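Undergrad: Just dropping this structure here.
Numbering (UniProt numbering), first residue to last: 1 to 395.
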């Protein structure tokens, strides 16, 4: 908490000891995050929040749909069409309720939510159970994932020895005792790693040094006999047990705005676009010419405007994000790209401005005031410099 976090694979809740003060503190922010993301969707806003694909999977694949429809199906005789009809009706009720519910629909939404919470309370497991697998750990914590894979390969070697009927009991014990862990730096005996049944966070900034995976785990060594259990407990801590309170708080906050089940109709990529827009902005020359409006000194045939189009086409991904942040206040485009940007990007000629002047903007209305530079090189240099300016100096 208090540090900026940048992860190339996106953001995911960090596992924490569930009874710790830091977990209680962080959970309040997850409640706020739930409210915030739900309001972003409800109000059709965009936020530049690099959520991981694994977290987006949780949003749109919660077990609530299957739990509720499964409960309805179980009440009908096996093979009866009424079971599927009951489940389908509930799905229709969930999906047809708009994200921007009218006041008259609010009461129905609350009744659906109460029904859902009752069913979930009566069933086993949390809303996120069974969604993520070990493969998600490759995105969330790739270094730990690779280490666990090495341990699991050791477990597989041990099992192969145990199943080899050609070996005597003594030979099996001897070969198992000689097993080594194949790491990138060479072979090492498992016992030499001095592992215990604890989870070690990847940074001291998480506010704890270690978390026991089992009672008194810090005093229990990981051996060839229990390493499989250690792997399973570590994966469970990363994907379920260590994030339980955080996700419960997020879920409560989200459902105070509207029911999380409504997102089950979408894929993770669709959820990302609805929340964050196009994270890698793309446009074509045709898009710019069609959906950008030159005015007050510029037309679509003006040399100055055509130079501007060429500069936009030559921008890389990070430059495009910076340009959008400068001109619209958001570094991403809505789903559908420039065609769905409202208001449209308007480009006007900045009067009394020479080649030493910089572009300026009225961000709220997507209004770019662009001097008529003599060539593309100067235009590009001035425009990219302006995109790095913070505050209202170029407003």
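Cβ coordinates follow ideal geometry from the N, Cα and C atoms, glycine included. Predicted model only: the values in this text are computed from it and were never measured.
Can you name the start and end residues of the beta strand (DSSP E) that residue 242 belongs to?
TA: Here residue 242 belongs to no beta strand (DSSP E), and DSSP marks it neither H nor E.
Undergrad: Who are the Cβ neighbours of residue 294 in its own chain at under 7 Å, not counting the five residues just before and after it?
TA: Same-chain partners within the cutoff: 300, 302, 305 and 347.
Undergrad: Would you say residue 190 and residue 157 are within 8 Å of each other, going by their C-beta atoms?
TA: No, these two residues do not count as a Cβ contact at 8 Å.
Undergrad: Please classify residue 141 as buried or exposed, where buried requires at least 16 other C-beta atoms within 10 Å of its C-beta.
TA: When all chains shown are included, residue 141 counts as buried.
Undergrad: Tell me whether residue 188 is buried or exposed, calling it buried when 16 or more other Cβ atoms sit within 10 Å of its Cβ.
TA: Exposed, by the Cβ-count rule.
Undergrad: Where in the region 125-163 do unbroken runs of the alpha helix (DSSP H), each at least 4 residues long, occur, reported from the N-terminal end onward?
TA: Within the region 125-163, the complete alpha helix (DSSP H) runs of at least 4 residues are 137-140 and 142-162.
Undergrad: Closest by CA to residue 289, which one among 29, 339 and 11?
TA: Of the listed residues, the one whose Cα sits closest to residue 289 is 339.
Undergrad: I'd like the list of long-range same chain contacts for residue 268, defined as Cβ closer than 7 Å, with 5 residues on each side in sequence excluded.
TA: 53, 56, 57 and 60, listed in sequence order.
Undergrad: What's the call for residue 261, buried or exposed, on a 16-neighbour Cβ count within 10 Å?
TA: The residue is buried, with at least 16 neighbouring Cβ atoms inside 10 Å.
Undergrad: With distance defined between alpha-carbon atoms, name the residue in 328, 196 and 238 nearest to residue 225.
TA: Closest option to residue 225, Cα to Cα, is 196.
Undergrad: In the DSSP assignment, find the beta strand (DSSP E) that holds residue 350 and state where it starts and stops.
TA: Segment: none, residue 350 is in no beta strand (DSSP E) and carries neither H nor E.
Undergrad: Mapping the DSSP letters down to three states, classify residue 273 as helix, strand or coil.
TA: Helix, per DSSP.
Undergrad: Helix, strand or coil: which one does DSSP assign to residue 51?
TA: Strand.
Undergrad: Please tell me whether residue 387 and residue 323 are closer than 8 Å, where the distance is taken between their beta carbons.
TA: Yes, the pair counts as a contact, with Cβ atoms nearer than the cut-off.
Undergrad: What ranges does the beta strand (DSSP E) occupy inside the region 162-187, keeping only unbroken runs of at least 3 residues that lie completely in it?
TA: DSSP runs (the beta strand (DSSP E)) wholly in the region 162-187: 181-183.
Undergrad: So what's residue 211 in DSSP terms, helix, strand or just coil?
TA: Here residue 211 sits in strand by DSSP.
Undergrad: Under the rule that 16 or more other beta-carbon atoms within 10 Å means buried, what is residue 33, buried or exposed?
TA: Answer is buried; the Cβ neighbour count reaches 16.
Undergrad: Using 8 Å as the threshold, is the C-beta distance between residue 332 and residue 374 below it?
TA: No, these two residues do not count as a Cβ contact at 8 Å.
Undergrad: Tell whether a beta-carbon distance below 8 Å holds between residue 242 and residue 11.
TA: Cβ atoms of residue 242 and residue 11: not closer than 8 Å.
Undergrad: Rounding to the nearest angstrom, what Cα-Cα distance links residue 174 and residue 149 in this structure?
TA: Approximately 24 Å between the Cα atoms of the pair.
Undergrad: Among residues of its own chain, excluding the 5 on either side of residue 96, which ones have a beta-carbon nearer than 7 Å to its beta-carbon?
TA: Its pLDDT being 42, under 50, residue 96 is placed unreliably in this model, and the value from its coordinates should be taken loosely. Closer than 7 Å at the Cβ level, and outside the excluded window around residue 96, lies no residue.
Undergrad: Could you tell me the alpha carbon to alpha carbon distance between residue 132 and residue 239, rounded to whole angstroms?
TA: Cα to Cα, the separation comes out at about 7 Å.
Undergrad: So is residue 160 buried or exposed if we call it buried at 16+ other beta carbons inside 10 Å?
TA: Its Cβ having fewer than 16 others within 10 Å, residue 160 is exposed.
Undergrad: Within 8 Å of any Cβ in chain B, is that where the Cβ of residue 37 sits?
TA: In summary, chain B is missing from the structure at hand, where a single protein chain is found.
Undergrad: With the cut-off set at 8 Å, would you say residue 166 and residue 31 are in Cβ contact?
TA: Not in contact: residue 166 and residue 31 (Cβ atoms no closer than 8 Å).
Undergrad: So what does DSSP say about residue 361, is it helix, strand or coil?
TA: Of the three classes helix, strand and coil, the one that applies to residue 361 here is strand, per DSSP.
Undergrad: Can you give the Cα-Cα distance for residue 378 and residue 355, rounded to whole angstroms?
TA: Cα-Cα distance, rounded: 7 Å.
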